[in-house]
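Before any comments, here is the structure.
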Amino acid sequence: MRTEYLRGFSIPQSGMSVRQMVFWGLLLAVALFLRHPGALLMSQFWGEDSWVWYPQAYEQGAASLLNPETGYLQTFPRLIGLLAQGVPFHLAPTLFALVAFLVQLTPPLFLLTGRLDQAWPDRTSRLLFALFMVALPNSYEVQVNLTNSQWHLAILAFLVLQSTPPQGWGQRLFDGAILLLSGLTGPFCVFLFPIALLRFVAVQDRSHLIRLALVSLCVGLQAITYLHKAHQRVGTELGASLITGMRIIALNIEIGLLFGQHAAADVAGSVFWWQHRSPAVVLCLLGIAALTYACMRGPTIFRDALLASALTFAAALTHPQVSVDQPQWHMMQYSGWSDRYYIFAMLTLLGSFFVLARASRPAVKAAGVSALLLVMGACVRDWHFPFFPMSDFYTKAAEFERAPSGAVITYGIQPSPMTAQIRKR
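First residue of the sequence shown: 1009, per the numbering used here; consecutive thereafter.
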């Protein structure tokens, strides 16, 4: 066992038994369901689910797999869009939501397996982190919808790169499928490539070489797609400035994680927040201090997570898709806009609190424990998903299924009050 995996998260333990994994798996599944029961019980399409994945699969069949979206291949949601053609139209959102639910549940479950024992040996803190992943505050946008499942899939791919070599064909197929599906869904393979390279350089075995090869293949295919097709993002100017960037980080990553999205919205609506720059500057400096300490004292998995999240967040700031009529950074400095861009960064900052909480210095330990307690409180405050009124989807779906060829049906989707259209073949 390499010592680089152990530094920071001590107390090595073996992986959980099958019975323990089943217990915690059921607990996490129930928690995720209770956080947003409407996602499965009253499923509705979300954003691109109904604008892109389903209608293009319906109209083009397998050929839709080759269509780039925002400049990249989006293989995973397109595959599910094709799969949904085998069920009646009114059941397609339920299928989408069920798949999104399983994808969101898999990273915390995989984190608890014995394959992460070397990267993070302390099972207790790993279990607590897995619970935080399910209850993460300030993350409504990525809760149980297929369009944003790519973010959870990327987290899972990162964990695969950190895991021990697979044993048996089942684990090999799982690792390969996750790396390929994530790599061919959005640009995340670009941000995970340095991680795959660093892991191979550190370990230099056949398993890590195969992982590096798979990630490299995805990078190449996504690069060809991006360069071959015209860039498809539609947006406005960035409106970037140093203080705006600090407000984005302080509000949506730090305040959002420590106090929840509701508190962040209150802060963003206060006059004091906009009249004074000092709160954003101080919060950013404290966050940098926490991350720096954890980078120096934490394990390799934290440093890899910091690198991946930094690359992902830098790309999000450089090419965000938030508004079609307002400067992008201007909208991002408010709470509730594009939560997906902050998921990696929030999880990495959360990881730094775990490192601080295990510090030998009382002051540092107290800071880490206090931060974790604040995050727990934020999880409680942000637990329930915001209420969205039920759209007319099921009524319109029944109308669509009875409609003659060529009929065009307009129906509501989430987040409301958005709509989509579909033409009957």
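Beta carbons: idealized from backbone N, C-alpha and C, even for Gly.
Could you tell me the distance, in whole angstroms, from the CA atom of residue i to the CA atom of residue j?
i	j	result
A1105	E1407	22 Å
E1077	D1347	20 Å
R1369	H1392	37 Å
I1256	Y1349	11 Å
V1198	R1410	45 Å
I1186	T1083	12 Å
A1100	V1383	35 Å
T1320	R1305	23 Å
P1397	H1216	47 Å
D1390	Q1212	43 Å
S1190	Q1158	7 Å
K1373	A1297	14 Å
F1201	V1227	8 Å
P1425	A1210	50 Å
W1345	G1253	14 Å
A1365	V1377	5 Å
L1117	Q1028	11 Å
L1087	R1433	20 Å
T1155	W1061	8 Å
G1046	Y1419	18 Å
F1137	Q1336	32 Å
S1286	L1250	13 Å
A1367	V1142	26 Å
T1300	G1359	12 Å
H1327	P1412	42 Å
Q1151	L1040	9 Å
N1075	H1236	12 Å
A1375	R1131	22 Å
A1313	Q1429	40 Å
Would you mind sorting residue i into buried or exposed? The rule is 16 or more other CB atoms within 10 Å of its CB.
i	result
L1049	exposed
E1245	exposed
M1009	The pLDDT assigned to M1009 is 38, lower than 50, so where the model puts this residue is not dependable; a value taken from the coordinates is nonetheless given after this. M1009 should be labelled exposed.
D1333	exposed
V1290	exposed
F1031	exposed
W1128	buried
S1025	exposed
G1178	exposed
R1214	exposed
A1371	exposed
V1095	exposed
S1317	buried
S1147	buried
S1278	exposed
F1280	exposed
Closest by CA to residue i, which one among the options?
i	options	result
M1354	F1140, Q1230, S1025	F1140
F1395	Q1028, T1300, A1037, R1043	R1043
L1090	Q1429, A1367, Q1064, L1294	Q1064
A1058	F1401, G1414, A1375	Reading off the sequence shown, one finds Ser at residue 1058, where the question assumed Ala. The shortest C-alpha separation from S1058 is found at F1401.
A1276	A1316, S1215, S1343, L1294	S1343
F1352	Q1068, S1171, A1162, P1096	A1162
Q1269	S1025, Q1336, Q1341, F1361	Q1341
S1171	C1303, W1282, F1208	F1208
Q1422	R1134, P1335, A1313, S1051	S1051
L1436	Y1301, P1174, L1164, F1109	Outside the displayed range of the chain (1009 to 1433) lies residue 1436, so it cannot be described from this structure.
P1174	Q1151, L1124, V1107	L1124
G1385	A1367, F1280, L1266	L1266
L1110	D1130, G1122, H1160, L1074	H1160
A1108	F1097, H1098, P1085, L1206	P1085
L1113	V1388, S1399, G1033, K1404	G1033
G1414	L1036, E1067, F1182	E1067
Using C-beta distances below 7 Å, list every residue in its chain close to residue i, excluding the 5 sequence neighbours before and after it, in chain order.
i	result
Y1080	G1194, P1195, Q1230, T1233, Y1234
A1204	L1169, R1219, L1220, V1223
A1273	S1343, G1344
P1115	M1141, H1160, I1163, L1164, L1167
F1097	A1405, F1408, E1409
Per DSSP, which one or two residues make a beta bridge with residue i?
i	result
Q1445	Only positions 1009 to 1433 of the chain appear in the structure, and residue 1445 is not among them; the question remains open.
V1416	R1431
Q1422	W1054
E1077	Y1080
Which residues in the same chain as residue i place their Cβ atom closer than 8 Å to its Cβ, once the five residues preceding and following it in sequence are excluded?
i	result
G1295	I1257, A1258, I1261, E1262, L1357
E1149	N1156, S1346, D1347, R1348
L1119	W1128, R1134, F1137, A1138, M1141, L1167
Can you list, in chain order, the residues of its chain with a C-beta nearer than 6 Å to that of residue i? Leave out the 5 residues immediately preceding and following it.
i	result
H1338	G1247
L1192	L1081, T1083, C1226
R1431	V1416
C1292	M1254, I1257, A1258
P1020	Note that P1020 scores a pLDDT of 37, beneath 50, so its modelled location is shaky; the value from the coordinates is reported in the next line. So the list reads P1129, once near-sequence residues are dropped.
F1053	P1101, I1421
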